[in-house]
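> Got a structure here, written out as structure tokens. Questions coming.
Protein chains: 2
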Amino acid sequence: MATIKDVAKLAGVSVSTVSRVLNASGYVEKNTEAKVMAAIKQLNYQPSQIARGLVSKKTKTFGLILPDITNPFFPELARGAEDEAGKQGYNIMLCNSDWDVAKEKMYLNLLSEKRVDGIILVGSRMHEQYLAPWINDAAPVVLLDRTSQLDIHSICTNNKLGGFLATKHLLEQNYRRIAHITGPATSPSAQQRLLGYQKALEEYGLSLDMTLVCEGDFRISGGATGMRRLLSLKNVPDAVFCGNDLMAVGALEVLQEAGLKVPEDIALVGYDGIDLSKYVHPKLTTVIQPTYEMGVMAVQLIIESLTGQNTVYRHLELDPILKVRDSSIRRKTIDNS
Amino acid sequence: MATIKDVAKLAGVSVSTVSRVLNASGYVEKNTEAKVMAAIKQLNYQPSQIARGLVSKKTKTFGLILPDITNPFFPELARGAEDEAGKQGYNIMLCNSDWDVAKEKMYLNLLSEKRVDGIILVGSRMHEQYLAPWINDAAPVVLLDRTSQLDIHSICTNNKLGGFLATKHLLEQNYRRIAHITGPATSPSAQQRLLGYQKALEEYGLSLDMTLVCEGDFRISGGATGMRRLLSLKNVPDAVFCGNDLMAVGALEVLQEAGLKVPEDIALVGYDGIDLSKYVHPKLTTVIQPTYEMGVMAVQLIIESLTGQNTVYRHLELDPILKVRDSSIRRKTIDNS
DNA sequence: CTGAAAGCGCTTACAG
DNA sequence: CTGAAAGCGCTTACAG
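Residue numbers (the working numbering), protein chains in the order written: chain A, 16 to 352; chain B, 16 to 352.
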């Protein structure tokens, strides 16, 4: 692979001059420039970003640590980040953490050693104390889908509002025995959605029945397991708010196998607004998150930090949107059985 | 950020010595080592992979260029590549090309300037002549989901076999008027699946009816458009082999809106084996590709090239597997209407 | 307008 | 067992 020296030699100039035409910095005679360009072309020369990075202290690369790209929630987010990064001349390094704090730490270290210009950390369950060392470190970090007390950027959606909207919708549709399959208890988002669920029940003067709340795992299998447990109750719910769409799909399968109709027998609401929610039958009512935008905004926040336009740490909160579809259509009367 | 010099100064030794303990190379006295380790810890020192890369000519990074991570076929593949790369100490740089040759070239250049140790190029429609400059270049390239006459690694599945299996299955189920919604005409995979479709028809002594073949785009919308066109025919097909699952989902929606039943009125077969195919109703018969494995193998091929274990270019072909589900269940008799 | 020199943060021979 | 020097491929002042 040709180096700047090779180009200089072939063009009969110094490396300084080649560097100048490469960076369009300083004056260089038209004629000299032409010679240099010709040499570059002839040698098929590509400047090494490694060498450049060593002096500029910039790698034009961001790290993106997310739980699992095969989980349909994350590709949208990754795409948003990549599109925005690409627009600004950055590449994205993708890391799957599987919600594993040890893996997150490993990747955080790796990315830091590779001197990425910024890191987007999605859905981390890491304790604040472990996060702290990364603050005010070389590369700005932005937390996605989680908040923090620390001086660090964060973007999340209002999960409590989302849980509230989902549950209130079911209440408005005259469902009254509303169960909730939550995400993992360790997930802050899951906790907030649960709070929203409780708030909506309270607002309707309904007391919280903990037998109707079961912990899931944000995966299809967890939704199925939860639904089976709910069906085994002596007093089966008439509606289920699932902590995410994937679990709603699992719940839906169990209901269909049990010969129950959605929403006639049991209504279902999901969360996230992944594509899949539109293509199951019946189409799933869900709470849509601005997933792609979160990826875009994360990159924008980092770039703002980098260019010094923004010296204050931002904690952004976006509002989710309730999307009513077929799985929760209106009941005419309240069923008080 | 602390450098090796800072560590050396604090430990009261030379940078050479610090480098030795960092790399566990050469002899270093126990006592000296302890002092160095202490300094590293105290300064929270992380060696710069940029500086290391400049001398070692290795970045421990691979580039992964794929059409679109939000297309459900690709996350599996990306995950396979990332898992295997991570195991071997490499990171993955993710790039979305949108099937756009110009974007592919741009990323190829960018990744090359960043001196990645290898590049995985997925589903490229680039002409051989444009690909040629990347061969025997610094970083090994492996083509995924496409073949090449060039001296370059490639991994693909036997798409002709896949198309054949899908169509033969429908024929065995006594469907006779079988349409095919293809992928884009420019896609080699789409072309091969079409050939498989033709071969199966021939084997059953059926002649190819071009009014039953329409070009799609591998997206939901293209499947919907294709299905609408097929329904407008005077002589409607009794089964449709869709070039991928996404188009099958689009076709399914159109059929349901038209009040037609699958598979009673029209049978449907997809391709790829994406998760979604299991969760639509009815569950979609499909041809499963070993997507995750392809990602893993691509990384393995690159690493073999890098370690010189493998000097010959490999063209691997994997076999897809027919997965029969509800959307194409048996008809009792041949419908000769 | 152009070149020589120093330096980015490391590793790798080479002495000692 | 340890240190000084050269070099990886660039950019950035500094002279001229």
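Even glycine gets a Cβ: it sits at the ideal position worked out from N, Cα and C. Predicted model only: the values in this text are computed from it and were never measured.
Nearest CA to the CA of B/K56: which residue from B/D21, B/Y42, B/G41 and B/R67?
B/D21
> At a Cβ threshold of 8 Å, is B/S127 touching chain A?
By this cut-off, B/S127 is an interface position.
> How would you list, in chain order, the residues of chain B whose beta-carbon sits under 8 Å from the beta-carbon of A/R130?
S63, Q64 and I65
> What separation, rounded to the nearest whole angstrom, lies between the Cα atoms of A/L81 and A/D280?
Those two C-alpha atoms are separated by around 37 Å.
> Can you pull out the residues from the segment 327-340 of chain B whose beta carbon lies closer than 8 Å to at least one beta carbon of chain A?
none
> Roughly how many angstroms lie between the CA atoms of B/E218 and B/Q206, to the nearest whole one?
Going from the Cα of B/E218 to the Cα of B/Q206 covers about 19 Å.
> Examine chain B for any beta-carbon lying closer than 8 Å to the beta-carbon of A/Y294, and answer yes or no.
Output row for A/Y294: interface = yes.
> Would you tell me roughly how many angstroms separate the C-alpha atoms of A/S29 and A/A23, rounded to the nearest one?
5 Å
> Please classify B/S343: does DSSP put it in a helix, a strand, or coil?
helix
> Which residues in the same chain have their Cβ closer than 7 Å to the Cβ of A/L37, if we skip the five residues on either side of it in sequence?
P62
> Counting only the same chain and skipping the five closest in sequence on each side, list residues whose C-beta sits under 7 Å from that of A/R329.
H168 and L316
> Could you compute how far the alpha carbon of A/P335 sits from the alpha carbon of A/L176?
8 Å
> By Cβ distance below 8 Å, which residues in the same chain neighbour A/Q64 in space, the five residues on each side in sequence not counted?
T74 and K75
> Give the DSSP-derived three-state secondary structure of A/H142 in the structure shown.
coil
> A/T326: which of A/T226, A/D166, A/A26 and A/T182 sits nearest, CA to CA?
A/D166
> Could you tell me the alpha carbon to alpha carbon distance between A/C171 and A/E44, rounded to whole angstroms?
53 Å
> Between A/Q315 and chain B, is any beta-carbon pair separated by less than 8 Å?
With its beta carbon at least 8 Å from every one in chain B, A/Q315 lies outside the interface.
> May I have the straight-line CA-CA distance separating A/L331 from A/R161, to the nearest angstrom?
Whole-angstrom Cα-Cα distance: 10 Å.
> Contact check, B/V264 vs B/G238 under 8 Å by CB: the rounded distance?
B/V264 to B/G238, Cβ: 7 Å. Contact.
> Using DSSP with H/G/I as helix, E/B as strand and the rest coil, what is B/S352?
Low per-residue confidence applies at B/S352: pLDDT is 44, beneath 50, and the placement is therefore not dependable, though the value from the model is reported in the following sentence. B/S352 falls in the coil class under three-state DSSP.
> Measuring alpha carbon to alpha carbon, tell me which residue in A/T322, A/G178 and A/I344 is nearest A/I303.
When the alpha-carbon of A/I303 is set against those of A/T322, A/G178 and A/I344, the nearest one is in A/G178.
> Given that B/T74 touches chain A, what residues does it touch there, using C-beta distances under 9 Å?
I65 and K129
> Keeping to the same chain, check which residues put their C-beta closer than 6 Å to that of B/G310; ignore five residues upstream and five downstream.
L92, G95 and A96
> So the alpha helix (DSSP H) B/I65 belongs to, where does it begin and stop?
Q64 to S71
> Tell me the rounded alpha-carbon separation between B/S292 and B/K338.
10 Å
> Considering just the uninterrupted stretch of the beta strand (DSSP E) at B/A254, what are its terminal residues?
A254 to C257
> From A/E272 to A/V295, what does the alpha carbon distance come to, in whole angstroms?
Computed Cα separation, rounded: 15 Å.
> With contact counted as at least three CB pairs below 8 Å, one residue from each stretch, are the segment 179-190 of chain A and the segment 248-266 of chain A in contact?
yes
> Does the beta carbon of B/R234 come closer than 8 Å to any beta carbon on chain A?
no
> Which residues in chain B sit within 9 Å of A/R94, going by Cβ to Cβ distance?
D83, I84, T85 and N111
> Taking the alpha carbon of B/V131 as the reference point, which residue from B/E119, B/Q144, B/N111 and B/I107 has its own alpha carbon closest?
B/I107
> On the DSSP letters alone, give me the boundaries of the beta strand (DSSP E) that A/F179 sits inside.
No beta strand (DSSP E) contains A/F179, which is instead part of the alpha helix (DSSP H) from N174 to E187.
> Between A/M225 and chain B, is any beta-carbon pair separated by less than 8 Å?
no
> Within a Cβ cutoff of 7 Å, which residues of the same chain sit near B/T182, ignoring the five residues on either side of it in sequence?
Apart from sequence neighbours up to five positions away, the residues of its chain that approach B/T182 with a beta-carbon distance below 7 Å are I193, G211, Y212, A215, L216 and F256, ordered along the chain.
> Within the same chain, show all residues whose beta-carbon is closer than 7 Å to that of B/I289, passing over the 5 residues directly before and after it, in chain order.
P87, F88 and D260
> From A/L158 to A/K118, what does the alpha carbon distance come to, in whole angstroms?
Rounded to whole angstroms, A/L158 to A/K118 spans 16 Å at the Cα level.
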